[in-house]
Amino acid sequence: MRPRIAKAAMARRSVLALSAAFASPAVADVTPEDVWAQWTGYLSAFGYTLESEPVRENGNIRIPDFAMTMYVPADPDSGRKGGTVAVTFGDIALTDLGDGTVGIEIPEDMTVSISGDGPGDEDFSARINIRTDGARTVASGDVDDITYDYTAARTVVSLEEVEGEQGDIPIPGTVAVTLEDAAGRNRIAVENDETRVDQSFEVARFVYDVALSEVNPGQQGDLTWQGTLNGLTSSTSGVIPDEVDPLAIDEAVADGYAVAADFGFDSGQGSFEFSDPKQQVRLVSSSEGGRFSLSLSSAGMAYDVLTEDLSLSIAGSELPFPIDTTAAAIGLGIQLPLLAGEEEQPFGATLTLTDVTIPDAIWMMADPSNGLPHDPVTVEVAISGQSRLFVNILNEAEMSALDRTGGQPGEVTRLNLDALRLRGAGASIDGSAAFDIDNSSSSIFAPDLPAFGGTANLRLTGVTGLLSTLGQLGIIPMQQAMMTGAMIQQLGRQESGPDDLSAEIELSPTGSLTINGAPFPLQ
Numbered sequence: 216m217r218p219r220i221a222k223a224a225m226a227r228r229s230v231l232a233l234s235a236a237f238a239s240p241a242v243a244d245v246t247p248e249d250v251w252a253q254w255t256g257y258l259s260a261f262g263y264t265l266e267s268e269p270v271r272e273n274g275n276i277r278i279p280d281f282a283m284t285m286y287v288p289a290d291p292d293s294g295r296k297g298g299t300v301a302v303t304f305g306d307i308a309l310t311d312l313g314d315g316t317v318g319i320e321i322p323e324d325m326t327v328s329i330s331g332d333g334p335g336d337e338d339f340s341a342r343i344n345i346r347t348d349g350a351r352t353v354a355s356g357d358v359d360d361i362t363y364d365y366t367a368a369r370t371v372v373s374l375e376e377v378e379g380e381q382g383d384i385p386i387p388g389t390v391a392v393t394l395e396d397a398a399g400r401n402r403i404a405v406e407n408d409e410t411r412v413d414q415s416f417e418v419a420r421f422v423y424d425v426a427l428s429e430v431n432p433g434q435q436g437d438l439t440w441q442g443t444l445n446g447l448t449s450s451t452s453g454v455i456p457d458e459v460d461p462l463a464i465d466e467a468v469a470d471g472y473a474v475a476a477d478f479g480f481d482s483g484q485g486s487f488e489f490s491d492p493k494q495q496v497r498l499v500s501s502s503e504g505g506r507f508s509l510s511l512s513s514a515g516m517a518y519d520v521l522t523e524d525l526s527l528s529i530a531g532s533e534l535p536f537p538i539d540t541t542a543a544a545i546g547l548g549i550q551l552p553l554l555a556g557e558e559e560q561p562f563g564a565t566l567t568l569t570d571v572t573i574p575d576a577i578w579m580m581a582d583p584s585n586g587l588p589h590d591p592v593t594v595e596v597a598i599s600g601q602s603r604l605f606v607n608i609l610n611e612a613e614m615s616a617l618d619r620t621g622g623q624p625g626e627v628t629r630l631n632l633d634a635l636r637l638r639g640a641g642a643s644i645d646g647s648a649a650f651d652i653d654n655s656s657s658s659i660f661a662p663d664l665p666a667f668g669g670t671a672n673l674r675l676t677g678v679t680g681l682l683s684t685l686g687q688l689g690i691i692p693m694q695q696a697m698m699t700g701a702m703i704q705q706l707g708r709q710e711s712g713p714d715d716l717s718a719e720i721e722l723s724p725t726g727s728l729t730i731n732g733a734p735f736p737l738q
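Following the numbering used here, the numbering of the sequence shown begins with 216 at its first residue and continues without gaps.
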């Protein structure tokens, strides 16, 4: 049975949202009771049961040893095993500040315990310490629209102990993150039978520090992973429908559940090092900013990450020589549909490797005579298209059944190459293409593929010259280089010079191919 929330002052989200609530201007009065009602609704809607009884004193609320649990039932169809998850925070106080706002007080030094009760050896627990200096959280607004403003001079979160199959495992070293000069705003509002959440967060300096003397208990091996992100920012928004089942995310998305998050940073640097009696590896990196975004809704899931002005150095006992490289940008993006349906849905992907320098040691092996231009290499690809899904990707039972039967999750109806950009060794290739796919017919090239047809446009600059140089250097057979270069020259349309060629390639679903209008036999 799904939990349901009354409209008045009920909001919901996961336990992470409660942490953000610990973490915006007052239009009307809000009371400790309003804040507590929002929290309880927020968590119960996602299946959590509050184990703490609030103590009411003079209009204020104190929650001793704030704790909550969530039962996860077994699902035989998907193979998911049942269990429980419990989280304990410590004492929390909600204090009426006398001006229509509420102060949220948490201990400066707080222990958070997380445990899971699963079958067999799957039980686990972890103890986390949170130390906060100069923290202040104030809730304002009204019963249906509460905003939390949060500031903290310094917050340190450290993992102290974990417990699993082998019993208590004290952390042999440090696992911690530090946030300096943090400020955030979290607004939770009930509008038209749904809850809207808007969050923003800024951290002047984010430091992570992992230093372990035994990566695996009883085995030698030292690991360090340390770094800093400067100017960290985040912005998150979400819509939560009036009813939501945390264990049926596919149904929640279909009913209107949506979340979108964007993160960015101005600069960063980090290092990773591991050593044991058999091997050593060290990695050092820095960058001048980057971004990360993630969204989930009935329109699909989108993921995008990009790092700019990256510098990377890798050395290790398994490598023949150190590798030092830089890149103007490195990124990856994915867009996927999630819900089954007869209507076409968009998908897409991007890959960005811009101005990547090839280490000199690799050039010495690939081009010992220095006959090639040692330009940075660029690979940029963007594809998109339309598809139909036969199953709900987020439904565990449907995906498990698909694995057992070996069926297809869906079909592609259109595929576009929105951009292709290749640069390196003095040559470049640019291209785009669009293909329609007929899933009711088989391709003449392979019976397992659907019939497809469309148009592609290519621009090749310096490619024939590069082929000739590769042949002269013996990197590829000279005869092959000459034949390929001659074919490109014969089929291509000359643009600004003899080694700047373009081609319009048209392919019909029946298998006929033309290049710049000239038929080209495929069989």
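Ideal placement from N, C-alpha and C gives every residue a C-beta, glycine not left out.
Notebook entry, point to check: Since Glu248 is in the beta strand (DSSP E), which residue starts that stretch and which ends it?
Noted result: Per DSSP, Glu248 lies in no beta strand (DSSP E); the unbroken alpha helix (DSSP H) holding it starts and ends at 247 to 259.
Margin query: Checking 8 Å against the spacing of the C-beta atoms, do Val499 and Gly531 come in under that value?
Written below: Contact: no.
Margin query: Contact between the region 615 to 630 and the region 569 to 576 is defined here as three or more beta-carbon pairs at a separation below 8 Å; is this criterion met?
Written below: Short answer: they don't touch.
Check: Can you tell me where the alpha helix (DSSP H) with Ala466 in it begins and where it stops?
Finding: Residue 466 is actually Glu in this sequence, not Ala. Note, Glu466: alpha helix (DSSP H), 464 to 469.
Check: On the three-state DSSP scale, how would you describe Leu682?
Finding: helix
Notebook entry, point to check: Which first and last residues belong to the beta strand (DSSP E) in which Ile343 is found?
Noted result: 339 to 348
Check: Between the Cα of Val270 and the Cα atoms of Thr310, Ala301, Gln253, which residue gives the shortest distance?
Finding: Thr310
Note to self: Rounding to the nearest angstrom, what Cα-Cα distance links Val678 and Ala642 in this structure?
What the structure shows: 5 Å
Next item on the list: Quick one: using the 10 Å Cβ neighbour count with 16 as the cut-off for buried, is Phe667 buried or exposed?
Entry: buried
Next item on the list: Ignore the nearest five residues each way along the sequence and tell me which others in Pro537's own chain have a CB closer than 6 Å to its CB.
Entry: Ala530
Check: His589 CB to nearest chain D CB: under 8 Å?
Finding: Here there is only one protein chain, and chain D is not present.
Notebook entry, point to check: Can you tell me the Cα-Cα spacing of Glu523 and Thr569, whole angstroms?
Noted result: Distance between the alpha carbons of Glu523 and Thr569: 9 Å.
Check: In whole angstroms, what separates the C-alpha of Gly586 from that of Gly712?
Finding: 22 Å
Checklist line | Residues of its chain near Ala564, where Cβ-Cβ distance is below 6 Å and the 5 sequence neighbours each way are ignored | finding: Ile549, Ile598
Note to self: Since Leu521 and Arg506 should fall inside the 8 Å C-beta cutoff, what is the C-beta to C-beta distance between them, to a whole number of angstroms?
What the structure shows: 5 Å
Margin query: Is any non-hydrogen atom of the ligand ATP found closer than 7 Å to the C-beta of Gln484, if you look at the structure I gave you?
Written below: Of ligands this structure carries none, so the ligand ATP is not represented either.
Notebook entry, point to check: Are there 16 or more other CB atoms within 10 angstroms of the CB of Ser428, so buried, or fewer, so exposed?
Noted result: When all chains shown are included, Ser428 counts as exposed.
Margin query: Whole angstroms are fine: how far does the CA of Glu248 sit from the CA of Phe237?
Written below: Only weak support is given to the placement of Phe237: the predicted model assigns it a pLDDT of 44, under 50, and the value that follows is read from those uncertain coordinates. The alpha-carbon atoms of Phe237 and Glu248 are separated by roughly 16 Å.
Next item on the list: Measure from the alpha carbon of Asp651 to the alpha carbon of each residue in Leu675, Glu626, Val287, Leu673, then state which is nearest.
Entry: Glu626
Next item on the list: Pull up the distance between the alpha-carbon of Leu534 and that of Pro279, whole angstroms please.
Entry: 55 Å
Next item on the list: Evaluate Ala661 with the Cβ neighbour count: other Cβ atoms within 10 Å of its Cβ, from every protein chain shown; 16 or more gives buried, anything less gives exposed.
Entry: So Ala661 counts as exposed.
Next item on the list: State the start and end residues of the unbroken alpha helix (DSSP H) segment that holds Gly625.
Entry: Segment 625 to 639 is the beta strand (DSSP E) holding Gly625; no alpha helix (DSSP H) there.
Next item on the list: Give the single residue among Leu374, Ala404, Ala514 whose Cα lies nearest to the Cα of Gly388.
Entry: Leu374
Notebook entry, point to check: Which residue from Glu406, Asp437, Ala398, Thr393 puts its Cα closest to that of Asp819?
Noted result: The structure shown does not extend to residue 819, since the chain is modelled only from 216 to 738, so the question has no answer here.
Notebook entry, point to check: How many angstroms separate the CA atom of Glu611 from the CA atom of Leu462?
Noted result: Each residue's Cα considered, the two are about 10 Å apart.
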